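For the sequence shown, the positions run 258 to 580 when the numbering used here is used.
Report on one structure; see the data block that follows.
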Amino acid sequence: MPTIESTARRRLLQAGLALPAALALNPLQAADADRLRIGYQKSSTLMIYLKSKGVLEKALTPLNVTVQWHEFNSGLPLLEALNVGAIDLSADVADAVPPFALAAGAQLTYYAIETPSPQAQAIVVRKDSALSSVAQLKGQKVAFAKGAGAHYLLLEALARNGLSIQDIEPVYLSPADARAAFETGKVGAWVIWDPFLAAVQRQSGARILVDGNKLAAYRRFYLAATPYAQRRPDVLGLVYAELQRAGQWIKQHPSQAAEWHAPVIGLDAATVEVANQRRSYQVQPPDAEALAEQQRIADAFSQAQIIPRKVRIADSPVWRPAP
Numbered sequence: 258m259p260t261i262e263s264t265a266r267r268r269l270l271q272a273g274l275a276l277p278a279a280l281a282l283n284p285l286q287a288a289d290a291d292r293l294r295i296g297y298q299k300s301s302t303l304m305i306y307l308k309s310k311g312v313l314e315k316a317l318t319p320l321n322v323t324v325q326w327h328e329f330n331s332g333l334p335l336l337e338a339l340n341v342g343a344i345d346l347s348a349d350v351a352d353a354v355p356p357f358a359l360a361a362g363a364q365l366t367y368y369a370i371e372t373p374s375p376q377a378q379a380i381v382v383r384k385d386s387a388l389s390s391v392a393q394l395k396g397q398k399v400a401f402a403k404g405a406g407a408h409y410l411l412l413e414a415l416a417r418n419g420l421s422i423q424d425i426e427p428v429y430l431s432p433a434d435a436r437a438a439f440e441t442g443k444v445g446a447w448v449i450w451d452p453f454l455a456a457v458q459r460q461s462g463a464r465i466l467v468d469g470n471k472l473a474a475y476r477r478f479y480l481a482a483t484p485y486a487q488r489r490p491d492v493l494g495l496v497y498a499e500l501q502r503a504g505q506w507i508k509q510h511p512s513q514a515a516e517w518h519a520p521v522i523g524l525d526a527a528t529v530e531v532a533n534q535r536r537s538y539q540v541q542p543p544d545a546e547a548l549a550e551q552q553r554i555a556d557a558f559s560q561a562q563i564i565p566r567k568v569r570i571a572d573s574p575v576w577r578p579a580p
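Printed below as a string of structure tokens:
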């Protein structure tokens with residue numbers, strides 16, 4: 258029986274997309290209506306909060322539903338695991354990730370969004386860099402994660418300055434590898450999101466060339482496996498309500514939230530508080546503007562020949578909470 262990693266990797270490679278990070282899950286299992294399998298990343302603040310507090314386990318007990326948690330290193334393999342039936346619900350991923358997954362043939366349901374946080378991602382340079390504008394990135398090595406929200410921000414920033422991805426030398430790296438390359442001068446710029454952005458600003462004095470303001474809204478998207486969304490709208494409704502409450506608590510208690518979150522992601526509380534200030538954490542259903550921007554992102558990637566085919570976002574189901 259194929260593993261989640263090998264199946265996800267093969268499907269993405271067949272679609273012309275590379276799988277960024279390794280997966281470490283059990284072999285494929287059939288979906289279980291009495292089990293909710295959640296995939297998340299270290300940047301999935303709200304889901305990590307619910308996990309650490311056991312909130313969903315308590316909320317779903319009356320429905321006799323158990324919760325299983327699976328951590329991923331990045332968004333693309335998370336969504337492919339969702340597509341192949343390895344998990345039922347994806348915690349938030351950056352706005353560029355769903356179009357990449359859909360281009361690879363994934364069948365996903367848009368579940369919820371976090372409203373825009375444009376300042377939570379940026380193009381940065383070292384504090385002693387001679388670069389002072391996006392236009393000066395021409396011919397430079399620029400590090401970013403392929404298929405991340407940072408990828409779309411870079412495309413938009415370049416286009417605004419009369420450039421394209423062909424005018425730079427893309428260096429596709431995970432956040433950890435990108436920071437090492439950035440700090441040792443192997444790349445001239447880095448496109449990155451919080452909390453990594455806040456960390457490199459505070460710890461290395463990195464300068465922001467441009468953030469997502471007026472370029473890329475940087476919504477965070479939650480997605481569900483379509484069969485699970487059809488079978489268990491009651492479960493998704495409870496999870497949605499808890500996500501909203503978690504987001505409200507973090508924004509209302511910034512210092513307390515940072516003290517809780519810092520050891521979870523291995524950063525100091527002050528850095529985490531800066532990062533949290535730039536995230537909206539406001540959870541709501543996917544609205545027309547969010548889905549329209551998904552189409553703009555898909556079109557931008559298709560036009561730049563970054564994804565192998567055009568994607569029609571309107572073909573994907575959208576979950577709605579019960580009135």
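Quick reminder that beta carbons are idealized off the backbone N, C-alpha and C, glycines included.
In this text, all values refer to a predicted model and were calculated from it rather than measured experimentally.
Taking the DSSP output, what are the residues bridged to residue i?
i	result
R566	Per DSSP, none; premise fails for R566.
R477	A351 and E371
E426	K398
S446	Note on residue identity: the sequence assigns Ala, not Ser, to residue 446. BP columns for A446 point to V399.
A379	I449 and D468
V540	E371
T366	A481
G296	H327 and S347
V575	Y367
How many Å lie between residue i and residue j at the Cα?
i	j	result
I440	E328	Reading the sequence as shown, one finds Glu at residue 440 and not Ile. In a straight line, the C-alpha of E440 is about 27 Å away from that of E328.
V341	S389	44 Å
T366	D544	13 Å
T483	P574	8 Å
A571	V492	24 Å
P565	R294	30 Å
I225	W576	The question about residue 225 has no answer here: the residues shown for the chain are numbered 258 through 580.
E413	A407	10 Å
I563	S512	40 Å
L411	F558	11 Å
A526	R488	40 Å
A343	G311	22 Å
A435	S331	14 Å
V428	K398	6 Å
A433	P580	43 Å
A456	P520	14 Å
D385	A351	30 Å
Q364	A387	45 Å
L339	A316	22 Å
Y297	A561	29 Å
L303	S309	10 Å
V354	T318	32 Å
E430	F453	The residue asked about is misnamed: residue 430 is Leu in this sequence, not Glu. Computed Cα separation, rounded: 13 Å.
P542	H518	25 Å
L415	K471	13 Å
G396	L524	33 Å
Using CA atoms only, rank isn't needed, just tell me which of the options is closest to residue i.
i	options	result
P490	L524, L320 and Y538	L320
Q551	G396, A405 and Q509	A405
H510	Q325, K398, Q534 and Y368	Q534
E546	R476, A515 and Q560	R476
L466	P375, I380, W517 and K384	I380
E426	A438, A400, L317 and D451	A400
P334	E314, A402 and A486	A402
T372	W447, Q460 and Q539	Q539
Y485	A361, A353, Y368 and K308	Y368
Does the beta-carbon distance from residue i to residue j come in below 7 Å?
i	j	result
P251	I507	The structure shown does not extend to residue 251, since the chain is modelled only from 258 through 580, so no value can be given for it.
Y409	A463	no
K299	I522	yes
A377	R536	yes
A481	L346	yes
A358	L336	yes
Y479	D349	yes
G494	P578	yes
V529	A549	no
D468	A532	no
E314	V324	yes
A446	V382	yes
Would you say residue i lies against chain D (beta-carbon separation less than 7 Å)?
i	result
A416	Absence of chain D from the displayed structure is noted, only one protein chain being present.
Any heavy atom of the ligand NAP inside 6 Å of the beta-carbon of residue i?
i	result
A392	What this structure holds is no ligand at all, so the ligand NAP is not there to describe.
Would you call the region 498-510 in contact with the region 417-425, where contact means no fewer than 3 C-beta pairs closer than 8 Å? no
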